[in-house]
Amino acid sequence: MPSITPKTSFQYQPTNLSVETATDSTQTLSRSRRNIGEPDRYWPQNTTIRIATYEYDTDDEYVLAVKEAASEWLPHINLKFEFVSGEEGDVRITQNIGNSDGGQSAIGTQALDVSPSAPTMSLPKDHTHPRFAYVVMHEFAHMLGAHHAHQHPDANIPWDMDKVYEGFNRIAGLDRSGVQANVLPLPRSSTYDFMDYDGDSVTHYAVSPYLTQGGWGQSETWSLSDGDIAWAKKAYPKTAPAIS
Numbered sequence: 001m002p003s004i005t006p007k008t009s010f011q012y013q014p015t016n017l018s019v020e021t022a023t024d025s026t027q028t029l030s031r032s033r034r035n036i037g038e039p040d041r042y043w044p045q046n047t048t049i050r051i052a053t054y055e056y057d058t059d060d061e062y063v064l065a066v067k068e069a070a071s072e073w074l075p076h077i078n079l080k081f082e083f084v085s086g087e088e089g090d091v092r093i094t095q096n097i098g099n100s101d102g103g104q105s106a107i108g109t110q111a112l113d114v115s116p117s118a119p120t121m122s123l124p125k126d127h128t129h130p131r132f133a134y135v136v137m138h139e140f141a142h143m144l145g146a147h148h149a150h151q152h153p154d155a156n157i158p159w160d161m162d163k164v165y166e167g168f169n170r171i172a173g174l175d176r177s178g179v180q181a182n183v184l185p186l187p188r189s190s191t192y193d194f195m196d197y198d199g200d201s202v203t204h205y206a207v208s209p210y211l212t213q214g215g216w217g218q219s220e221t222w223s224l225s226d227g228d229i230a231w232a233k234k235a236y237p238k239t240a241p242a243i244s
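Take the sequence shown: its position 157, counting from 1, is numbered 157 in the UniProt record's numbering, and each next residue is one higher.
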């Protein structure tokens, strides 16, 4: 499969951090229940998104695993997903190079700006890994137009900036601009629909206490949160009229 090169939202494998992990004594987040969207990148209401899987047939075990996880979004939105073999689709899914358990995705209709010869989403190779479904849900959130919950301006994560830049460069290959785009708070702007901060969101990175001041940490949530669902229902309400 081709490698992914578009400007995308990045999701990493936190266990690659050779640092301490969060413990029960770690300071925890105030967990409100909302998310962040970019409305100008939302797909037209009540439409079907064609999702190409390159050489994989739609009944392949790998594709079925992607479908199962991605379908967690469907009860809460007015869109449909149509998986197709080949290279032609609104969204085109490839597999990560190497053994990375993270993923990447274009944000919403940004996928339409990507060259038709390039993928718009990258997922882990091992669909049997217990983290696989979580990564799929995370990347499909981006595909639907959601940004990272930890980038909410109200998250107030006490990042240790030197360690953040060094750590994400080491474990994920992100330069300073990549860290700013994927980790640090988004600017308060009408570009984004800021609902309340949601520490339980499937789009929230795990945060190692090593990367923060005062031992502050956060674990991943491997299912859609109430905030994820609230965002999805607002972005793609079942009662929205179809776009002709």
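For every residue, glycine included, the Cβ atom is placed at its ideal position computed from N, Cα and C. Quick caveat, the model's predicted, so the values are computed rather than measured.
Verify the CB distance criterion: does residue i have a CB-CB separation below 8 Å to chain C?
| i | result |
| --- | --- |
| H147 | Protein chain content of the structure displayed is limited to a single chain, and chain C is not contained in it. |
From the DSSP output, read off the bridge partner residues of residue i.
| i | result |
| --- | --- |
| G37 | A146 and D193 |
| T53 | Looking at the DSSP assignment, T53 forms no beta bridge with any residue, so it has no partner. |
| T212 | W159 |
| Q218 | V207 |
| T48 | K80 |
Please state whether the Cβ-Cβ distance between residue i and residue j is less than 8 Å.
| i | j | result |
| --- | --- | --- |
| L79 | T47 | yes |
| V202 | H150 | no |
| V66 | I107 | no |
| K125 | Q104 | no |
| D154 | P39 | no |
| V91 | I49 | yes |
| S85 | Y62 | no |
| Q45 | A242 | yes |
| E88 | A52 | yes |
| G37 | A235 | yes |
| H129 | K233 | no |
Give me the residue from the options with the minimum Cα distance to residue i.
| i | options | result |
| --- | --- | --- |
| S71 | V114, Y134 and N96 | Y134 |
| D101 | V91, V114 and H138 | H138 |
| M157 | L184, R131, H129 and V179 | The sequence given here has Ile at residue 157, not Met. Selected option, being the one with the closest Cα: L184. |
| residue 318 | E68, S223, S115 and V84 | The question about residue 318 has no answer, for the chain in this structure spans 1 to 244. |
| W43 | Y62, I97, Q110 and E82 | Q110 |
| H147 | D228, F168 and H76 | D228 |
| D60 | F83, G167, G98 and L224 | F83 |
| Q180 | K233, W159, M195 and D198 | W159 |
| E220 | I77, G37 and R131 | R131 |
| M161 | Q213, D198, Y197 and K233 | Q213 |
| L224 | H204, K238 and A235 | H204 |
| D200 | H152, T191, L144 and L123 | H152 |
| Y197 | S190, D226, H142 and N169 | D226 |
| L64 | R41, V136 and M121 | V136 |
| G167 | L186, M143, F140 and P209 | P209 |
| Y54 | N182, P237, H142 and S122 | S122 |
| request: Please go through the stretch 123-207 and give each complete alpha helix (DSSP H) segment of 4 or more residues, from N-terminal end onward. | output: Within the stretch 123-207, the complete alpha helix (DSSP H) runs of at least 4 residues are 132-144, 161-172 and 176-182.
| request: Counting only runs of 3+ residues fully inside the stretch 72-98, write out the beta strand (DSSP E) ranges in chain order. | output: 80-84 and 91-95
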